[in-house]
Amino acid sequence: AQTVTQSQPEMSVQEAETVTLSCTYDTSESDYYLFWYKQPPSRQMILVIRQEAYKQQNATENRFSVNFQKAAKSFSLKISDSQLGDAAMYFCAYRNSGGGADGLTFGKGTHLIIQP
Amino acid sequence: GAVVSQHPSWVICKSGTSVKIECRSLDFQATTMFWYRQFPKQSLMLMATSNEGSKATYEQGVEKDKFLINHASLTLSTLTVTSAHPEDSSFYICSARDPGQGVSRSKLFFGSGTQLSVL
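Which chain is which? The protein sequence lines are Y and F, in order.
1165 is the number of the first residue of the first sequence in this note's numbering; add one for each residue after it.
492 is the number of the first residue of the second sequence in this note's numbering; add one for each residue after it.
Set out below in structure tokens:
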């Protein structure tokens, strides 16, 4: 079974600064997907960024980027120019690649606080 | 973008009663939907995979007789919590995959969740 570990229960960053959220995972598969989801107080799950394991290039979405280290099974999220609206729970998630029938395995989450 | 509608957003019920939660894909057909459970300040845990026209696949430790899943159409999956007890109180979230995105794109869309409180 796959596992996802987020070792930072809470992180705090000054507005406009950069913060990195850590995530490691364990799998015996060679092809899979990794995701970062944001869950604000509304509890709506919002996809931040996704990475296909077969792609070496790190995914980026505007101020959000990942550092994907496949050999180390590490998938960290970097948020640049932090904004107050970035405050939320962030979950790292894993999914097998086969067929789309597999659900997501989530980490325990990191609560991101943005200091004004 | 694709939208998944989940209803109701919150429900309060008495212990021993059953509660049904609906998850609808509004602008795509979802052959597969997923049900998650989230306790306060905790992560989402996959409960079951709902397959259109066939039985749901439950994760280890999830009681299939307690959490009945029906996926009778390509746009609707329902989760029924039977004989609910206070320990079933939780936040339940569904998600659906838009097959039109292609397997390689594999984008999942989440409902807005249902807070169940059992008195």
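By construction, the Cβ of each residue, glycine as well, lies at the ideal position given by its N, Cα and C atoms.
Would you mind reading off the limits of the beta strand (DSSP E) that contains S496(F)?
-> 495-498
Using the DSSP secondary-structure output, state which residues sit across from S1291(Y) in a beta bridge.
-> Residue coverage of chain Y in this structure runs from 1165 to 1280, which leaves residue 1291(Y) outside it and unanswerable.
For the beta strand (DSSP E) that contains D1190(Y), what are its first and last residues?
-> 1188-1190
From what residue to what residue does the beta strand (DSSP E) around A587(F) run?
-> 581-588
How would you write the range of the beta strand (DSSP E) that F525(F) sits in, first residue to last?
-> 523-529
CB of L607(F) within 8 Å of CB of V495(F), strictly | no
Determine whether the Cβ of L1268(Y) lies closer than 8 Å to any Cβ atom of chain F.
-> Answer yes: the Cβ-Cβ gap between L1268(Y) and chain F drops below 8 Å somewhere.
Where does E1216(Y) sit, in a helix, a strand or coil, going by DSSP?
-> E1216(Y) falls in the strand class under three-state DSSP.
Who are T508(F)'s beta bridge partners in DSSP?
-> DSSP, once it has assigned bridges, lists no residue as partnering T508(F).
Compare the C-alpha of Y583(F) against each of S564(F), D589(F), I560(F), P590(F) and name the closest.
-> Among S564(F), D589(F), I560(F), P590(F), the Cα nearest to that of Y583(F) is on I560(F).
Does any heavy atom of the ligand COA sit closer than 7 Å to the C-beta of Q1172(Y)?
-> Absent from the structure shown: the ligand COA. Ligands present: none.
When T523(F), K557(F), K505(F) are compared against A563(F), the one with the closest alpha-carbon | T523(F)
Please list the partners that I512(F) has in chain Y, where partner means a Cβ-to-Cβ separation under 9 Å.
-> Those do not exist, as I512(F) stays about 14 Å from chain Y at its closest Cβ, beyond 9 Å.
DSSP three-state assignment for E1179(Y), whether helix, strand or coil = coil
Is any beta-carbon of chain Y found at less than 8 Å from that of I560(F)?
-> no
Please confirm whether L565(F) and A521(F) have their CB atoms less than 8 Å apart.
-> yes
Can you list the residues of chain F that F1255(Y) reaches, using a CB-CB cut of under 8 Å?
-> Within chain F, the residues near F1255(Y) are S534, L535.
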